[in-house]
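Visitor: Handing you this structure, nothing more for now.
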Amino acid sequence: MQICTEGVVLKVRDVDEADRVLTILTRDRGVITAFANGAKRLKSKLMAATQTFNYSGFQLYKGKDHYTVDSAETLNVFYGIRNDIDSLSLAGYLCELTQCLAPEEDEAEGYLRLLLNSMHFLNTGTRSVRFIKPLYELRILSLAGYMPNLVCCESCSCYEAAQMYFLLRSAKLLCADCAKSAITEPYMLLPPAVLTAMRYIIYSEFNKLFNFTLADESLSQLARVCEAYLLCQVGHGFKSLDFLNSLSPANEGEAIV
511 MQICTEGVVL KVRDVDEADR VLTILTRDRG VITAFANGAK RLKSKLMAAT QTFNYSGFQL
571 YKGKDHYTVD SAETLNVFYG IRNDIDSLSL AGYLCELTQC LAPEEDEAEG YLRLLLNSMH
631 FLNTGTRSVR FIKPLYELRI LSLAGYMPNL VCCESCSCYE AAQMYFLLRS AKLLCADCAK
691 SAITEPYMLL PPAVLTAMRY IIYSEFNKLF NFTLADESLS QLARVCEAYL LCQVGHGFKS
751 LDFLNSLSPA NEGEAIV
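Residue 740 in my numbering sits at position 230 of the sequence shown, with consecutive numbering throughout.
Right, dumping it as structure tokens:
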């Protein structure tokens, strides 16, 4: 069966001397694996479009067990990302995270839109690595069914207090009064500015998602909370995340309790 689709190449694995196996996030089929025969050859028409991070149009043949790339056209290579080690490392992490959380063989419009916009802002430098990382983590978790309940305190419905406790395993809020005797799992404190940002990330319309600002200290706190929540929910680490974090000083500040 012949298929026409668009997608971002999340991962490339070289096979033999000339071939590649691609992991692609597609708009209408989610994450798929496709063989690109001869794509490593210098004169191959598939070479450019099948590189990691490229957004490309694909003509695919779906066999019984796998896809094969018949032809491909590069739509965006995101050159700016490749010129900065921090942006490049974050792009690698976003792709690994997407491969983990996006659906396979199912519609993935929201995931592709999130990834493309994040790559665009990285590529142009109009949003920083520090801004995009926690935003992407929390939004993709929400898409994948791990959206936390941040509307109000789980026990008393308090919308906001000087200190709100975010429970990482059960993904809910408790105010300081209710938390005194109710916390039996890892948690992190959420200052008002961080809670507001998290609510914005998970509840806002997509066309407004990247349109907020946060002070540096609050952005650092947001990064710690979102990463801790991600790792708690997914249950394992990511090599690309370890490398990304190695490029910056170790996180300081509020610890997981």
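All residues carry an ideal CB built from backbone N, CA and C; glycine is no exception.
#1: Taking only the alpha-carbon atoms, compute the straight-line gap between residue 754 and residue 547 and give it to the nearest angstrom.
#2: Which runs of the alpha helix (DSSP H) at least 4 residues long sit entirely within the segment 542-597? Give them in chain order.
#3: Ignore the nearest five residues each way along the sequence and tell me which others in residue 681's own chain have a CB closer than 8 Å to its CB.
#4: What residues match up with residue 634 in a beta bridge as DSSP calls it?
#5: Under 7 Å Cβ to Cβ from residue 671, same chain only, skipping five residues before and after it: list those, please.
#6: Give the straight-line distance between the Cα atoms of residue 758 and residue 751, rounded to the nearest whole angstrom.
#7: Starting from the C-beta of residue 748, find all residues in its chain whose C-beta is less than 8 Å away, skip the five residues before and the five after it, and write them out in chain order.
#8: Please confirm whether residue 585 and residue 567 have their CB atoms less than 8 Å apart.
#9: Assuming residue 517 contacts residue 530 under a Cβ cut-off of 8 Å, what Cβ separation, rounded to an integer in Å, is found between them?
#10: Use the C-beta contact count for residue 632: other C-beta atoms within 10 angstroms, 16 or more gives buried, fewer gives exposed.
#11: Take residue 559 as the anchor and find which of 677, 572, 520 and 688 has the nearest alpha-carbon.
#12: Which one or two residues does DSSP pair with residue 739 in a beta bridge?
#13: State the DSSP-derived secondary structure class of residue 511, mapped to helix, strand or coil.
#14: So what does DSSP say about residue 674, is it helix, strand or coil?
#15: Take residue 677 and list the residues in its own chain whose beta-carbon comes closer than 6 Å to its own, dropping the five residues that flank it on each side.
#16: Starting from the Cα of residue 745, find the closest Cα among 679, 513, 722 and 715 and give me that residue.
#17: Tell me, which residues are paired with residue 810 by DSSP?
Guide: The structure says:
#1: 32 Å
#2: Whole alpha helix (DSSP H) segments, 4+ residues: 589-592.
#3: 656, 657, 658, 659, 739 and 743
#4: None; residue 634 has no bridge partner.
#5: 685 and 686
#6: Looking at the backbone, the Cα of residue 758 and that of residue 751 are separated by about 11 Å.
#7: Sequence-distant Cβ neighbours of residue 748 in its own chain, meaning closer than 8 Å and more than five residues away, are 603, 606, 607 and 610.
#8: yes
#9: Contact flag wrong, Cβ pair sits at about 15 Å.
#10: Burial call: buried.
#11: 520
#12: Paired residues: none, contrary to the question.
#13: coil
#14: strand
#15: 695 and 697
#16: 679
#17: Because the chain here runs from 511 to 767, residue 810 falls outside it and cannot be looked at.
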